[in-house]
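Peer 1: The structure that follows is given in the form of C-alpha cells.
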Amino acid sequence: MRVFPLRNWHPTQLVVGGFVVLILAGAGLLWLPISHGDSAAHPGIVRCLFTATSAVSVTGLTNVAASDWSPFGELVLMLLMQIGGFGIMTAGAVLVLITSQKLGIRQRMVAQAEIGALTPGEVKGLARTIAIATVLIEGVVAVILTLRLWAGGYERLPSAIWSGIFHSIASWNNAGMSLYDDNLSRFVGDPIVVLTVTFAIIIGGIGFPVLLELRRERRARRWSLHTKITLLATAALVVAGPLVVTVFEWSNDRTLGRLPVGDRLLAGWFQGITPRTAGFNTVDIGGLRSSTLLVMIVLMFIGAGAASTAGGIKVTTFAVVGFAVWGEVRGSGEPTVFRRRIPDAAIRQALSIVALAIGSIVASVLLLVTIAPVELTQAAFETVSAFGTVGLSTGITGSFEWTAQFVLIAVMLAGRVGPTTFASALVSREQPRHFRYPEERPILG
C-alpha cells in the first residue's frame, strides 16, 4: 500500500520532490571515499549535501576546495549540474520522446511546471529545443575552451579536454563551479576564455521558450511579448551591469585597480555579467567595494530569463512590476508595452513572486546573522547569491557551521524551482471556491 501515491501529487510537488531526490543521491555519491582526492580530508555529509544542492540548483556556492575532489567527484558534480540545469522532468520528457515519441498529459503537466512552457502542448517542442541547444552550445564551448587551455599552455591536452567539458557545462547551466581553487581568476586577462564563458552564460540565461521562438520566427515584429521583454531587459542589464561594476571598481587596488587597462575592461565585463546568473569570478569578490556589492545584490535578485538555468525573480517579473508601477504613476491603470496590455493575473503573479522572494531573503538573512558570526552585508550577499542560484561569495561560505549551511541549502532549492513553485508545492491539494465575497477597497499609501 502506497501512503503517498504519485498520481495524487501536484505537478509542482513532483518537481520539488525530483530535485530533492537528485540532491540526496548526489550527496550520497559525493560522500563516498572515491569522490575525494588521496590527500584530501573527508568533507562530511553536511558539506556533501551542501555541494550537491549547489550543483543541482546550478548555484555554484562551495564550501569544499575544488582540488579536494577526485576525478570521480568532479564527474558527479558535472552530472548534477547537467541534470539540474536541464531539468529532471525535462530530461524524463526527452527520454520518453526518444524511446516512444509520445508524452502523456501528466508528463506534460509536470514538465510544464518545471521548464516554464505556457501550455502542456508546448512541452514536446520545448524539450527538443532544450536538448538540441544544450548539446550544440556545450559542444562548441567545450571545443573552444579545450583548444585555448591546451594551446595557451594552461593545461596538458587530457586535462584541457576534461576542464573544457566541465566548464562548458558549468557555463551553459549558469552554475559557476570550477575545477580551480581560484575559480577563473587565472584567466582574468584571457579574452578567449572570458568571452566564451560569458557567451554561454548569456545564451543559457535567456530562457528556453525564447530560444524556441527565435528558432521558429526570425521577424522581430511577430515575436511574443515575453520574448520582446526578455531580450530588451537582457540587453539593458548586459550593458548596465558591466558598466557600473567597471566604473565602481576602476581604482580599487584589491580588484580592477591592479590590472592593466585592457584587463580591467575585460574583468569589469566579466564581473558585470556573472552576478545575474553564474557565480564565476576573475577577481576577489571579498575585495569589492560596498557599492559594488549592493549593485551585484540587485543583479542577483533580478536574475535572467524565465524558464532558463538562472535563478532570481527573472527579468520578465522585474519588468512587469516596473511596467505596473509606471502605469500607476501615469494614472493609466492598465500597463501596456509594445502595444500589448499586461493582464491583471500576470501582475498579481509578478508581485507575489517579488513578495515571496523578499520575504524568503529577509528571513534567511535574519537567521544567518543570528546563528553565524557574519556582518549584515555579507549575510545579505551570500543569501541573495544562493536565492539567485548565482554562486558568488565574499569568502565566508566555507566557514559556516552546519546550521547556516542548511539555511543556504533551503534558499538554493527555493531559488532553483522558483518562489511560487516552491510555495505551491507546500500546498497538498487545490481547494476550489464556489463563491465570491463582496468587494471593499482599503485605504492605501
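The sequence shown runs 14 to 458 under the numbering used here. All residues carry an ideal CB built from backbone N, CA and C; glycine is no exception.
Starting from S373, trace the alpha helix (DSSP H) in both directions and tell me its first and last residue.
Peer 2: If you look at S373, you'll find it in the alpha helix (DSSP H) that goes D357 to I384.
Peer 1: Just checking, does the region 391-407 make contact with the region 320-331 on the three C-beta pairs under 8 Å criterion?
Peer 2: yes
Peer 1: Our contact map puts G98 next to A188 with C-beta atoms below 8 Å; I'd like the distance itself, whole angstroms only.
Peer 2: 7 Å
Peer 1: For L301, count neighbouring C-beta atoms within 10 Å of its own C-beta (all shown protein chains included) and say buried if the count is 16 or more, exposed if not.
Peer 2: buried
Peer 1: Using only the alpha-carbon positions, how far apart do T268 and R352 sit?
Peer 2: 44 Å
Peer 1: Let me make sure I understand the geometry here. Which of V382, F85, A183 and Q418 has the alpha-carbon closest to that of D51?
Peer 2: F85
Peer 1: Determine whether the beta carbon atoms of G202 and D297 lie at a separation below 7 Å.
Peer 2: no
Peer 1: For G318 and L421, what's the separation of their Cα atoms in angstroms?
Peer 2: Computed Cα separation, rounded: 23 Å.
Peer 1: Please state if the CB of S80 and the CB of L74 are separated by a distance shorter than 7 Å.
Peer 2: In this structure, S80 does not lie closer than 7 Å to L74 by Cβ.
Peer 1: For V350, which three-state DSSP category applies?
Peer 2: Residue state, collapsed to three classes: strand.
Peer 1: Is the distance from the Cβ of R289 to the Cβ of L312 below 7 Å?
Peer 2: A contact, by the Cβ cut-off of 7 Å.
Peer 1: Confirm, please, whether the CB-CB distance from N76 to T410 is below 7 Å.
Peer 2: yes
Peer 1: Start and end of the alpha helix (DSSP H) containing H49?
Peer 2: Element bounds for H49: n/a, residue is neither H nor E.
Peer 1: Ordered along the chain, which non-local residues of its own chain (more than five positions away) have a Cβ less than 8 Å from that of R429?
Peer 2: F32, V69, S70, V71, T72, G97, G324 and T402
Peer 1: If you run the structure through DSSP and keep just helix, strand and coil, what is W82?
Peer 2: strand
Peer 1: Suppose the cutoff is 6 Å on Cβ atoms and the five residues either side in sequence are ignored; what does the same chain contact list for S264 look like?
Peer 2: G270
Peer 1: In chain order, which continuous runs of the alpha helix (DSSP H) of length 4 or greater are located wholly inside the region 183-236?
Peer 2: 204-217 and 221-229
Peer 1: Mind reading off the beta-carbon distance from F468 to A368? Whole number of angstroms is fine, and I expect it under 8 Å.
Peer 2: In this structure the chain extends from 14 to 458, so residue 468 is not present and cannot be described.
Peer 1: Can you check which of these residues, W175, G41, A146 and E151, is closest to L227 by C-alpha distance?
Peer 2: A146
Peer 1: Secondary structure at A320, three-state DSSP: helix, strand or coil?
Peer 2: coil
Peer 1: Using three-state DSSP, classify G335 as helix, strand or coil.
Peer 2: Note: G335 maps to helix in three-state DSSP.
Peer 1: Going by C-alpha distance, which of A65, H55, H49 and A53 is nearest G39?
Peer 2: A65
Peer 1: In angstroms with no decimal places, state the Cα-to-Cα distance between V109 and F336.
Peer 2: The pLDDT assigned to V109 is 45, lower than 50, so where the model puts this residue is not dependable, and the model offers no usable value.
Peer 1: Pick out whichever of F212, H239 and I214 has its Cα sitting closest to the Cα of L225.
Peer 2: H239
Peer 1: Tell me, please, whether the region 155-165 touches the region 198-212 by the rule of three or more beta-carbon pairs shorter than 8 Å.
Peer 2: Yes: at least three Cβ pairs fall under 8 Å.
Peer 1: Let's test the definition: count the other Cβ atoms within 10 Å of the Cβ of P171 and tell me whether it reaches 16, buried, or not, exposed.
Peer 2: exposed
Peer 1: In whole angstroms, what is the alpha-carbon distance linking V28 and Q418?
Peer 2: 23 Å
Peer 1: Would you identify the three-state DSSP class for W263, choosing helix, strand or coil?
Peer 2: coil
Peer 1: Residue range of the alpha helix (DSSP H) that T66 falls in?
Peer 2: I58 to V69
Peer 1: Cα separation between R343 and V350?
Peer 2: 14 Å
Peer 1: Report the three-state DSSP secondary structure of L421 (helix, strand or coil).
Peer 2: helix
Peer 1: Go ahead and pull the three-state DSSP assignment for P273.
Peer 2: P273 falls in the coil class under three-state DSSP.
Peer 1: Can you say whether H49 is buried or exposed, counting buried as having 16 or more other CB atoms within 10 angstroms of its CB?
Peer 2: buried
Peer 1: So what's R446 in DSSP terms, helix, strand or just coil?
Peer 2: coil
Peer 1: Can you find the residues in the same chain that come closer than 7 Å, C-beta to C-beta, to P451, ignoring five residues on each side of it along the sequence?
Peer 2: none
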